[in-house]
Amino acid sequence: MLYEWTTNPKDKAYMTDFSTIREKALYKWQERLHYWQVPAVIIAALQAVIFAFALEPLFRSYGVPRFIFACANHNWTALYLLSSAIISSGFRFVMWQLSEHELVSVYALSNRAKASLRHLIDNVPQHERRSTLTELPPSYPPLISTIRSIPQRIAGNVQHDHPRDAHWQPVKDYVQYFAAIFHTPIGTMKSGFINTKASPRWRPLVILLHLSTVGRPQIKTLFTGFIEAVLLLILTFFFASQWGGNLYITMLALSMLLIFVTLGRALALVYVWFSARIWGLHVINCDEEEEIRGCMRILCSMEDALVIVNGAHYYNGHRLDFIGGAFRRWKNEYSRGLYDGDFSQEEEEAASSPNTERSGLRKDEILNESKLV
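Numbered by my numbering, the letters in the sequence shown go through residues -1 to 371 in order.
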């Protein structure tokens, strides 16, 4: 059974990684004092300051620059840089969603929450249930999945990965998230710094699944390097035109920009380190896309945990989104804290137990879980 991957069977040591993830998610949430992402905000602020210092010489030092597209006392260059940054961020977000990266969030649940979810699942007829036994978790969020399925829908052969009305469900989830914060602001803020009954709801275990360097397509890697080289060349001409072709100032500006970009990426590494040590980030490197899907299937089959990936919700391997209004009402009640607290004695004892020893994953077994039989 799929759930055996996360229950640490003693005769299969290669499953220990997944059982360790389950133990961290359900029984070690007290260790994840996320501080409401204050360190992440500080790192983002430092990166903004760094890039501000990197761009400052372009507009302040060594005289008055010759702005591109300067007209009618308007700084069109700044508007060009701002719009290009916004467009680039949008494309990066879309490319992230379309690339071989998956983020899985695992939430520890109280006894009341588990009982209510089991009741929801039991009320669904057996032939209408959707689970990881018969299908793989979706690879894309609802909106992107709908866009990608347009050719199949035109051909009349498409299987919906999400409910038909789920296109904007991630946005609605964020609205519920912030509404829950404003509902009890003081108690919610405490949950980020000390252990409260609501803490498990705000401290999910996040797992990043992505292709390793070996598994990434070589053509895509080559194309990415080509685009970066073209961007550097464009920036060279851009900076040169800013300063009337002065090669000294152009090279100085480029050097400063590259140095500050390197510092910004170094801060990103610090952020990842914080995420792993404090916020419970786990990273699983995979060599094939099928291996990513197999890991997703195993994680979504985890027992006694609410697992969310690409807008899909799972409990004990059962897909909850297709239950309809009953699950949406449950999610709203969960976001408002009606199921906080009430953890079993077994979970309290496991929270103080030592960590399970980690071992390597067996690739062939994971690939088997990515295939439906």
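The beta-carbon is built from N, C-alpha and C at its ideal position, and this holds for glycine as well.
Note down, in chain order, each residue of its chain lying with its Cβ closer than 7 Å to the Cβ of residue 281, except the 5 sequence neighbours on either side. 206
So, residue 228 versus residue 279, is the Cβ gap smaller than 9 Å? no
What does a CB cutoff of less than 6 Å around residue 4 pick up in its chain, not counting 5 residues either side in sequence? 16, 17, 20, 300
Which of helix, strand or coil DSSP assigns to residue 283: strand
Quick check on residue 206: does DSSP put it in helix, strand or coil? strand
Just verifying my parser: in three-state terms, what is the DSSP assignment at residue 307? strand
Looking at the structure shown, is residue 317 part of a helix, part of a strand, or coil, going by DSSP? strand
What are the start and end residues of the beta strand (DSSP E) that includes residue 100? 99 to 106
From the DSSP output, which residues share a beta bridge with residue 129? 316
Is it true that the segment 301 to 320 meets the segment 35 to 45, where meeting means three or more beta-carbon pairs spaced less than 8 Å apart? no
Alpha carbon of residue 143 to alpha carbon of residue 187, nearest angstrom: 35 Å
Every unbroken alpha helix (DSSP H) inside the segment 4 to 50 [4 residues or more]: 14 to 25
Inter-residue spacing [alpha-carbon to alpha-carbon] between residue 2 and residue 129: 15 Å
Does DSSP put residue 178 in a helix, in a strand, or in coil? helix
Identify which residue in 215, 89, 214, 194 has its Cα closest to the Cα of residue 29. 194
Should residue 146 and residue 138 be called a contact, given that it needs their Cβ atoms to be closer than 9 Å? yes
At the level of alpha carbons, what is the spacing between residue 171 and residue 202? 15 Å
Let me check understanding here. Comparing Cα to Cα, which of 297, 48, 313 lies closest to residue 264? 48
Quick check: the segment 81 to 94 against the segment 318 to 329, are at least 3 beta-carbon pairs closer than 8 Å? no
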